[in-house]
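Asker: Protein chains in written order, with this note's numbering: chain L, 1448 to 2045; chain F, 2 to 79. Cβ atoms here follow ideal geometry from the backbone N, Cα and C, with glycine treated the same way. What you are looking at is a predicted structure, and each value in this text was computed from that prediction instead of being measured.
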Amino acid sequence: MNAPEATPAGYREAARGIRADPPRDLKALRLAVLSTFTASPLEPYVVVESARRGLLVEPWFGPYDQLEPQALDGGSALYATAPDVIVIAARLEDLLPDLCWRFASFGPEAIDDELARVAARYESLVTAVRRHSAATVLLANFTEPAQAPLGLAGALHEPSPAGVVERANSALAALARRTAGVYVLDLARAALELGLDRWNDPKLAYVARLPWSLAAQIEVGRRVARHLRALTFPACKCLVVDLDGTLWGGVLGEDGPEGIALGHEYPGLAYGDFQRALAGLRARGILLAVASKNDGAIVREVFDTHPDMVLRWEDFAAVQIHWEDKAASLRAIARALGIGTDALAFYDDSPVERDWIRGQLPEVSVIDVPESPLERVSALADSGVFDQLRLSDDDRRRADAYREDEDRERLRALAITPEDFWRGLGTTVRVGPLDADTLPRVTQLMAKTNQFNVTTRRHTAAEIEAMLAAGGVGLWLRARDRYGDYGLVGVALALPDTGGSWRIDSFLLSCRALGRQVEGALLAALAREVAGRGGGALIGEFVATARNQPAARFFAEHRFAPLDGDGRLWRLPLDAASLEPPPFVTLESPHEVSAGGR
Amino acid sequence: MADRVRGLVARVVGAPIETIDDESGPDTVPGWDSFSHIDLALSLEVEFGVSFAPEELMDLVSVRLIKLVLQEKGVTVE
Chain L
1448 MNAPEATPAG
1458 YREAARGIRA
1468 DPPRDLKALR
1478 LAVLSTFTAS
1488 PLEPYVVVES
1498 ARRGLLVEPW
1508 FGPYDQLEPQ
1518 ALDGGSALYA
1528 TAPDVIVIAA
1538 RLEDLLPDLC
1548 WRFASFGPEA
1558 IDDELARVAA
1568 RYESLVTAVR
1578 RHSAATVLLA
1588 NFTEPAQAPL
1598 GLAGALHEPS
1608 PAGVVERANS
1618 ALAALARRTA
1628 GVYVLDLARA
1638 ALELGLDRWN
1648 DPKLAYVARL
1658 PWSLAAQIEV
1668 GRRVARHLRA
1678 LTFPACKCLV
1688 VDLDGTLWGG
1698 VLGEDGPEGI
1708 ALGHEYPGLA
1718 YGDFQRALAG
1728 LRARGILLAV
1738 ASKNDGAIVR
1748 EVFDTHPDMV
1758 LRWEDFAAVQ
1768 IHWEDKAASL
1778 RAIARALGIG
1788 TDALAFYDDS
1798 PVERDWIRGQ
1808 LPEVSVIDVP
1818 ESPLERVSAL
1828 ADSGVFDQLR
1838 LSDDDRRRAD
1848 AYREDEDRER
1858 LRALAITPED
1868 FWRGLGTTVR
1878 VGPLDADTLP
1888 RVTQLMAKTN
1898 QFNVTTRRHT
1908 AAEIEAMLAA
1918 GGVGLWLRAR
1928 DRYGDYGLVG
1938 VALALPDTGG
1948 SWRIDSFLLS
1958 CRALGRQVEG
1968 ALLAALAREV
1978 AGRGGGALIG
1988 EFVATARNQP
1998 AARFFAEHRF
2008 APLDGDGRLW
2018 RLPLDAASLE
2028 PPPFVTLESP
2038 HEVSAGGR
Chain F
2 MADRVRGLVA
12 RVVGAPIETI
22 DDESGPDTVP
32 GWDSFSHIDL
42 ALSLEVEFGV
52 SFAPEELMDL
62 VSVRLIKLVL
72 QEKGVTVE
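Structure (structure tokens):
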């Protein structure tokens, strides 16, 4: 779906079209917005920009300036709408008008007090939402007030007005970091990108109590939609790029390694920055791959000898360079990396190749690549295909972990039997109870693990907390071996059922940790924990999806007996053997589980 | 221009363009409420490259009056 004309008329028309005849594949989501100003005119922008990202959103806007009345009262209209996501948006001018207008009359301590009041107010709002709802919360952060309260002197004043806004935003970020299911909607950055004068509209502020210009309203709609997309769909895991006209200008086969545009002047400088942007993605844990119709030897020469290449050959986790069909290349890349083709994003300057991939592999995220080299980096960011609301340490380590995987493959080749391989790996796993520290990573893993996932339930942090509070067992698993640390890669959740049996609600493992018997160790830890609570058996459930074949044989391979004919329900009696971790895997300090558990 | 103004009103409030005439306004067109009114003004500003003062927003209460205000701003009508 293309963007409509950038007017209320254009967006309202498009939003009506979406409501009247929603595209079948949109996922429905209920959104609620609480604000200190009029926000309901945002509706068409949120609806249309969300639909462009695969979501059918029906927004509800709270009454004007009713943050606490709606959030603190469990019987309020807010909760009656049963929202999946709640946006809380306030302006600093509304929360701290005196500070914003009479900044010079506040000393450092008075400013501290004002900021503490704002932080406490948000803390109570978030706590109340958590008590009454499982909704994800997006806290809009603050833009600088339109007027500089100290004039020219503001920048060198201590504290500076800009610094105070930054501190208020840091307080929101800290609250979001320590509360599962709470994220920041970065309007400060959005306003910066648009420019404060274009962001604010005094006429609308005074006439309609809506502080934002038309351009700002559309941008807020887009930002909210990007967040909703990132909350709902897993981010792409790998960016597949073309070479000629994408990583550098020109055609390598015709211009030769010396003739391609890369380096010191336009357009080579722009291509250099595109490569730097890819290096930045890799640092965030996104895998890079090449699909190019080219001569492999000469490409390798460019990587090895061209002085202005930013990316190294080793930066790419998979490479397909030949003259065959690119759809086949993308399938091969996905296979090599152990991910689905739906986890691939494709960036190619050729519209023909993009259309071909759209037709052949509709599940691949094909990025619209602008003709001009000037817009190549922003097109990557605007696509939102790698949007994640929070980066974990594990994300940052991932690109290197896949490198380590290649070394593991080398060892697998040297090893004689699988047992030799496993023994040589020296895999050690650590298991512990789910808690506030691990919940953000656990929900992230549940949201994006498709392959080794027996039920593929995408629980929110609040849902998991409710299960644990109701007596459930939740375990995380971290794994490392001689080649590296995988981080937190496994989750198991079980709930007491009838007759001393415990039902496994969720059991999943990141594909990075597959093939090393780690899943057996997680099962043993779960069995020990359940047995420790008096459980006599585990009931396993396999819910088949298009993607979770790798988990299909898990129960059968781990001594579960089928309870039905269709392979859905399984039972494992908790005898001595079921408590033993598999050979070659060291289960570290399993006693911590019970000791630290709830 | 007449059709462009009527067309914008129709697109903003979600009514068939045939139901909008020169006399149409907030009292006669369902959905022409205060929010639609602001959105209509913003759409008119983009469409005709003009800017309305807050006082003028209150005057845009029928297709005919919108055209008058636009004419005052030098937009050629008909």
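Using CA atoms only, rank isn't needed, just tell me which of L:Val1654, L:Arg1624 and L:Ala1662 is closest to L:Glu1640.
Answerer: It is L:Ala1662.
Asker: The alpha helix (DSSP H) that contains L:Ala2048, what's its start and end?
Answerer: In the structure as shown, chain L starts at 1448 and stops at 2045, and residue 2048 of chain L therefore has no counterpart that could be examined.
Asker: Flag F:Arg12 as yes if its beta-carbon sits less than 8 Å from any beta-carbon of chain L, otherwise no.
Answerer: Judged by the 8 Å Cβ criterion, F:Arg12 is in contact with chain L.
Asker: For a cutoff of 8 Å on Cβ pairs, would you count L:Lys1684 as touching chain F?
Answerer: No, L:Lys1684 lies away from the interface with chain F (no Cβ there is under 8 Å from its Cβ).
Asker: What does a CB cutoff of less than 8 Å around L:Phe2031 pick up in its chain, not counting 5 residues either side in sequence?
Answerer: Closer than 8 Å at Cβ, skipping near neighbours: Glu1866, Trp1869, Arg1870, Leu1872, Thr1874 and Gln1964.
Asker: Is L:Ala1984 near the ligand NAP, judged by its Cβ being under 7 Å from some heavy atom?
Answerer: With respect to the ligand NAP, the structure offers nothing, as it holds no ligand at all.
Asker: Taking 8 Å as the threshold (beta carbon to beta carbon), is F:Ser25 in contact with chain L?
Answerer: No, because no Cβ of chain L sits closer than 8 Å to the Cβ of F:Ser25.
Asker: Between the alpha carbons of L:Gly1918 and L:Ile1986, how many angstroms are there, rounded?
Answerer: Their Cα atoms are separated by approximately 16 Å.
Asker: Name the chain L residues whose beta carbon is nearer than 7 Å to that of F:Phe36?
Answerer: Within chain L, the residues near F:Phe36 are Ser1487 and Pro1488.
Asker: Which residues bound the alpha helix (DSSP H) around L:Tyr1718?
Answerer: Here the alpha helix (DSSP H) through L:Tyr1718 covers Gly1715 to Ala1730.
Asker: Which residues, taken in chain order from the region 1635-1652 of chain L, show a beta carbon closer than 8 Å to some beta carbon of chain F?
Answerer: Residues Lys1650 and Leu1651.
Asker: When you compare only the Cα positions, how much space is there between L:Ser1571 and L:Phe1508?
Answerer: Approximately 20 Å between the Cα atoms of the pair.
Asker: Compute the Euclidean distance between the alpha carbons of L:Ser1953 and L:Ala1939, then round it to the nearest angstrom.
Answerer: Taking the straight line from one Cα to the other gives about 6 Å.
Asker: Measuring CA to CA, which of L:His1753, L:Leu1725 and L:Leu1632 is closest to L:Glu1666?
Answerer: Measuring from the Cα of L:Glu1666, the nearest candidate turns out to be L:Leu1632.
Asker: What are the residues that DSSP puts in a beta bridge with L:Thr1574?
Answerer: According to DSSP, L:Thr1574 bridges with nothing at all.
Asker: Since L:Glu1460 meets chain F, which of its residues come closer than 7 Å, beta carbon to beta carbon?
Answerer: Those are Arg12, listed as they occur along chain F.
Asker: Using a beta-carbon distance below 8 Å, is F:Ile39 in contact with chain L?
Answerer: Cβ-Cβ to chain L under 8 Å: yes for F:Ile39.
Asker: Do the region 1474-1492 of chain L and the region 1530-1537 of chain L make contact, defined as three or more Cβ pairs closer than 8 Å?
Answerer: Short answer: they touch.
Asker: Please return the same chain residues whose Cβ sits closer than 6 Å to the Cβ of L:Ala1575, not counting the five positions on each side in sequence.
Answerer: Within the same chain, L:Ala1575 has close Cβ partners Ala1518 and Leu1519.
Asker: Whole beta strand (DSSP E) runs in the region 1654-1723 of chain L with 3 or more residues, listed along the chain?
Answerer: You should have 1685-1688.
Asker: Within 8 Å (strictly less), CB to CB, does F:Leu58 reach chain L?
Answerer: With 8 Å as the cut-off, F:Leu58 counts as an interface residue toward chain L.
Asker: So is F:Val70 in contact with chain L if we call contact Cβ pairs under 8 Å?
Answerer: F:Val70 does not count as touching chain L.
Asker: For L:Asn1647, list the residues DSSP reports as bridge partners.
Answerer: In DSSP, L:Asn1647 forms a bridge with L:Trp1659.
Asker: Are the C-beta atoms of L:Ala1456 and some chain F residue less than 8 Å apart?
Answerer: Yes, because at least one Cβ of chain F sits closer than 8 Å to the Cβ of L:Ala1456.
Asker: Does the CB of F:Val47 have a neighbour CB from chain L at under 8 Å?
Answerer: With 8 Å as the cut-off, F:Val47 counts as an interface residue toward chain L.
Asker: For a contact meaning CB atoms closer than 7 Å, what does F:Pro31 contact in chain L?
Answerer: Simply none; closest approach about 14 Å.
Asker: Give the residues of chain F in contact with L:Ala1655, contact being defined as C-beta atoms less than 8 Å apart.
Answerer: Those within 8 Å of L:Ala1655 in chain F are Ser35, Phe36 and Ile39.
Asker: How many angstroms separate the CA atom of L:Asp1884 from the CA atom of L:Arg1625?
Answerer: Going from the Cα of L:Asp1884 to the Cα of L:Arg1625 covers about 8 Å.
Asker: Since L:Ile1814 is in the beta strand (DSSP E), which residue starts that stretch and which ends it?
Answerer: L:Ile1814 -> no beta strand (DSSP E), and no H or E assigned at all.
Asker: Grab the span of the beta strand (DSSP E) containing L:Ala1792 for me, first residue to last.
Answerer: Here the beta strand (DSSP E) through L:Ala1792 covers Leu1791 to Tyr1794.
Asker: L:Gly1715 and L:Leu1709 look like a contact to me (Cβ under 8 Å); what is the Cβ gap, rounded to whole Å?
Answerer: Going by Cβ atoms, the distance from L:Gly1715 to L:Leu1709 rounds to 5 Å, so yes, they are a contact pair.
Asker: Output yes or no for whether 8 Å exceeds the beta carbon distance between L:Ala1615 and L:Leu1562.
Answerer: Yes, they are a contact pair.
Asker: Consider the Cβ of L:Arg1669: report whether some Cβ of chain F lies at a distance smaller than 8 Å.
Answerer: It does not: the Cβ of L:Arg1669 has no partner Cβ on chain F nearer than 8 Å.
Asker: Closest Cβ-Cβ distance between L:Arg2063 and chain F: below 8 Å?
Answerer: The question about residue 2063 of chain L has no answer here: the residues shown for chain L are numbered 1448 through 2045.
Asker: Determine, using beta-carbon pairs with one atom in the region 1981-1996 of chain L and one in the region 2006-2025 of chain L, whether at least three such pairs fall under 8 Å.
Answerer: Yes, since at least three Cβ pairs between the region 1981-1996 of chain L and the region 2006-2025 of chain L fall closer than 8 Å, the two stretches touch.
Asker: Alpha carbon to alpha carbon, what distance is there between L:Ala1475 and L:Asn1449?
Answerer: Cα to Cα, L:Asn1449 sits roughly 20 Å from L:Ala1475.
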